[in-house]
Amino acid sequence: MNVFQRCADTLRILFKSISALLSGRTSSKEIWKQLYEFGNSSIGIVVLCVTFMGIILISEYSYHMKLVIGNDSMIPGFAMILLIRELAPIVGALLITSKMGASIAAELAAMKNTEQIDAYRLLGLDIVELYVAPRTVASALSAWALSTISLAFAIMGAWIAAVVFLNFSTGPFFQSLFVFVSGKDLLLMSLKAIIFGSCIPAISAHYGLNASFGAEGVGHATTDAVVGNSITIIVMDFVITYLYAVATT
Amino acid sequence: MKQRLQHLNEHLNFFWNLFIRLPQVFVEREEFLRQFADVGIRSLSTTVTAGIFTGAIMALQFHLQLKDFGAESVLGGLNTSGTIREVGPILIAFMLAGKVGAFTSAELGTMKVTDQIQAVRCLGIDPISFFVVPRFWAVALNSILLLVFGLVISVIGGLLAVWVSAGINPDQYLLMIARFTSTESLALAISKSVIFGLLMGHICCANGYWTEGGTQGVGLAVKKTAVQSMVSIVLADFFVSWIVELVVRSGDFR
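Going line by line, the protein sequences match chains A and B. Going by my numbering, the first residue of the first sequence is number 1, and it counts up by one from there. Going by my numbering, the first residue of the second sequence is number 250, and it counts up by one from there.
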């Protein structure tokens with residue numbers, strides 16, 4: 001399969017699951033179960049990684065601002081804007097990919113190997129409606145929730161690091177934060193997180209459903225799902241950022 | 250807790266075992282070179298894509314921030330320095346963790362669950378020296394080279410993005426790179442690449458070699474590799490940045 005066929009197949013899965021969701025053919029019980037699964041399994045690592053990214057960003061920005069402007073009073077706003085607009089949604093989505101996207105691909109590939117998918121088809125059930133659709137909504141909502149929660153932790157981490165290591169006091173830190181960060185940035189973050197999150201199950205399912213036979217097939221499908229998701233996330237992020245940059249000028 | 254410490258101990262033992270068997274690479278020269286070429290060729294396109302887009306995203310963001318202050322002239326230096334010191338290594342390493350790490354892990358896991366590793370042991374050959382050591386060094390060295398290459402590409406991606414979208418003068422952009430990107434930043438970027446490369450090589454080989462439980466085990470091993478690589482990359486990045494902070498900036502080395 002070439003890239004365009006892959007994209008077409010992924011889009012087909014995505015639209016099928018969205019239409020299944022809109023027409024109410026998915027059980028809400030399954031959606032709640034998947035929401036718990038997605039959020040619960042990834043909250044630890046997402047919060048950990050984004051918090052550390054926040055601390056690293058603030059120290060790096062302090063280095064650069066001293067280099068360019070000569071003072072670092074604006075760094076909380078600058079660093080947190082980058083975190084909100086780019087890194088919180090990207091890192092959150094990448095971690096959900098490696099945690100849940102990989103297991104969706106592995107599970108579907110294993111199901112295909114043991115001919116369970118053919119069995120479903122024989123029973124007249126559609127695997128996309130049954131399996132992918134609840135995960136699509138669960139993944140989108142948990143990507144959004146996780147990036148918001150981890151952002152709160154990251155800001156706290158950055159605040160503590162700035163007070164302890166960079167000789168900031170609390171007042172100026174939050175003042176500078178609120179001067180630069182606006183509701184628009186949070187909206188952009190939510191949009192990005194929801195878009196990335198809703199694409200993860202469709203892409204993983206595409207690789208899982210097209211897996212070749214045997215243990216090797218499962219391994220390849222899982223690997224390709226992680227890579228495909230990562231590349232798609234970073235390319236989509238570029239497109240959204242570009243549109244945002246064009247729209248604001 | 251005790252179990253976790255035991256697990257850590259196993260990991261450290263495994264890593265040390267692979268690390269000191271570097272001479273084995275020259276014995277298994279052919280296997281090493283084949284793996285090296287395989288991994289490199291397979292991941293080149295991913296690295297280029299990741300590098301270009303990372304640089305471009307950062308450049309657009311920095312441009313949005315600097316524009317309000319009329320400081321667009323320093324964009325090139327700030328973006329290059331910020332990308333290669335911090336965000337570039339992390340994001341490119343995330344991509345490589347999927348492409349290089351997970352792939353090798355899947356390969357070793359498949360060998361394990363189809364009993365190929367046991368078969369080699371039956372022939373009286375040490376499977377770690379035969380299978381794992383060449384792969385570890387191939388993945389580690391390749392990741393280091395690919396990360397550095399990706400960072401170079403990210404500079405080009407950043408330049409292209411702001412040149413096309415915001416009409417920044419490319420000459421000035423390039424001039425500023427030399428002004429703001431210090432040798433220290435380059436050394437930091439390269440040392441991060443080395444550490445991430447070794448980490449990824451170790452994690453994928455360990456998870457692949459310890460795979461258990463048939464077809465589903467392979468999927469689980471790949472997932473574990475991806476998650477563990479990403480988390481350990483962020484933590485390692487934090488510690489490297491912090492050590493440099495403490496050593497270089499608090500002491501008056503500059």
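For each residue, glycine too, the CB sits at the ideal point set by N, CA and C. All values derive from a computational prediction rather than experimental measurement.
With the cut-off set at 7 Å, would you say residue i and residue j are in Cβ contact?
i	j	result
T303(B)	G337(B)	yes
G468(B)	V362(B)	no
A158(A)	I58(A)	yes
Q310(B)	E60(A)	no
R270(B)	V369(B)	no
V226(A)	A88(A)	no
F343(B)	L177(A)	no
S392(B)	G358(B)	no
G399(B)	I341(B)	yes
V411(B)	I405(B)	no
T562(B)	I231(A)	Chain B is shown only over 250 to 503; residue 562(B) falls outside these bounds and no answer can be derived.
F38(A)	S142(A)	yes
A245(A)	L313(B)	yes
I81(A)	S42(A)	no
S440(B)	V397(B)	no
F263(B)	A415(B)	no
V349(B)	V288(B)	yes
L408(B)	Y422(B)	yes
I84(A)	D185(A)	yes
Thinking C-alpha only, which one of the options is nearest residue i?
i	options	result
C453(B)	R384(B), E433(B), M425(B), A436(B)	R384(B)
A110(A)	V239(A), E30(A), A211(A), I81(A)	A211(A)
A20(A)	T223(A), S147(A), V91(A), I127(A)	I127(A)
M1(A)	I194(A), A247(A), T249(A), D224(A)	D224(A)
I194(A)	I55(A), I203(A), S139(A), A133(A)	S139(A)
A389(B)	F398(B), M449(B), A415(B)	M449(B)
F180(A)	L315(B), I301(B), C371(B)	L315(B)
S478(B)	A221(A), S98(A), F174(A)	S98(A)
A79(A)	Y244(A), F174(A), T249(A), F213(A)	F174(A)
E433(B)	I333(B), L257(B), D375(B), L293(B)	I333(B)
L209(A)	T170(A), F196(A), D118(A), W144(A)	D118(A)
N229(A)	I45(A), Y63(A), I104(A), S73(A)	I104(A)
E277(B)	F379(B), S354(B), L345(B)	F379(B)
A436(B)	D375(B), A355(B), V489(B), P419(B)	V489(B)
F4(A)	Y244(A), A245(A), H206(A), E216(A)	H206(A)
L345(B)	L293(B), E356(B), I301(B), P376(B)	L293(B)
L14(A)	E129(A), I155(A), A145(A)	E129(A)
E216(A)	R121(A), I45(A), A106(A), G92(A)	A106(A)
State the Cα-Cα distance for the pair residue i and residue j, rounded to the nearest angstrom.
i	j	result
V401(B)	A387(B)	21 Å
L267(B)	V47(A)	32 Å
D364(B)	I200(A)	33 Å
P172(A)	V50(A)	23 Å
K373(B)	T474(B)	One detail in the question is off: residue 373(B) reads as Gly in this sequence, not Lys. Their Cα atoms are separated by approximately 29 Å.
E17(A)	T136(A)	One point to set straight first is that residue 17(A) is Ser, not Glu, in the sequence displayed. Distance between the alpha carbons of S17(A) and T136(A) is about 7 Å.
G219(A)	V471(B)	7 Å
L395(B)	G124(A)	47 Å
T329(B)	A305(B)	11 Å
R253(B)	F52(A)	22 Å
M236(A)	Q116(A)	33 Å
E494(B)	I56(A)	10 Å
Q284(B)	M360(B)	15 Å
V164(A)	I75(A)	15 Å
D317(B)	Y131(A)	47 Å
G214(A)	N113(A)	7 Å
I203(A)	N258(B)	37 Å
L191(A)	C371(B)	56 Å
L108(A)	T248(A)	42 Å
A162(A)	M250(B)	31 Å
L188(A)	A308(B)	17 Å
I69(A)	S62(A)	10 Å
C7(A)	F281(B)	35 Å
F275(B)	P376(B)	16 Å
H260(B)	A145(A)	33 Å
Is it true that the segment 476 to 487 of chain B meets the segment 230 to 244 of chain A, where meeting means three or more beta-carbon pairs spaced less than 8 Å apart? Not touching, per the Cβ criterion.
Within the chosen definition, does the segment 444 to 463 of chain B reach the segment 14 to 24 of chain A through at least 3 CB pairs nearer than 8 Å? Taking 8 Å as the limit for Cβ pairs, the verdict is that the segment 14 to 24 of chain A does not touch the segment 444 to 463 of chain B.
Using a Cβ distance threshold of 8 Å, determine whether the segment 27 to 35 of chain A contacts the segment 146 to 153 of chain A, with at least three qualifying pairs required. Touching, no, given that fewer than three Cβ pairs across the two stretches are closer than 8 Å.
Tell me, please, whether the segment 318 to 335 of chain B touches the segment 411 to 431 of chain B by the rule of three or more beta-carbon pairs shorter than 8 Å. Yes, the segment 318 to 335 of chain B touches the segment 411 to 431 of chain B.
Give, in chain order, every residue of the segment 433 to 454 of chain B whose Cβ lies closer than 8 Å to some Cβ of chain A. Listed by position, the residues of the segment 433 to 454 of chain B near chain A (Cβ gap below 8 Å) amount to none.
Give the residues from the segment 32 to 51 of chain A that approach chain B closer than 8 Å (Cβ to any Cβ), ordered along the chain. Those residues of the segment 32 to 51 of chain A that come within reach of chain B (Cβ to Cβ, closer than 8 Å) are I45, L48, C49.
Where the segment 322 to 341 of chain B meets chain A: residues whose CB sits under 8 Å from a CB there: Residues of the segment 322 to 341 of chain B whose Cβ lies closer than 8 Å to any Cβ of chain A, in chain order: V323, G326, L327, S330, G331, R334, E335, V336, I339, L340.
Members of the segment 476 to 493 of chain B near chain A, C-beta cut-off 7 Å: Answer in chain order: V476, M479, V480, V483, L484, D486, F487, S490.
Can you pull out the residues from the segment 104 to 116 of chain A whose beta carbon lies closer than 9 Å to at least one beta carbon of chain B? Per Cβ criterion, the list reads A105, A106, E107, A109, A110, N113, T114.
Identify each residue in the segment 70 to 88 of chain A for which the Cβ-Cβ distance to at least one residue of chain B is less than 8 Å, and report them in chain order. For the segment 70 to 88 of chain A, which is checked against every Cβ of chain B, the residues closer than 8 Å are F78, I81, L82, R85, E86, L87.
Against chain B, which members of the segment 217 to 236 of chain A pass a CB distance test of less than 7 Å? Under the 7 Å Cβ criterion, the segment 217 to 236 of chain A contributes V218, G219, H220, T222, T223, V226, V227, S230, I231, I234, V235.
Anything in the segment 179 to 210 of chain A with a Cβ closer than 7 Å to a Cβ of chain B? List those residues in chain order, please. Result list empty, no residue passes.
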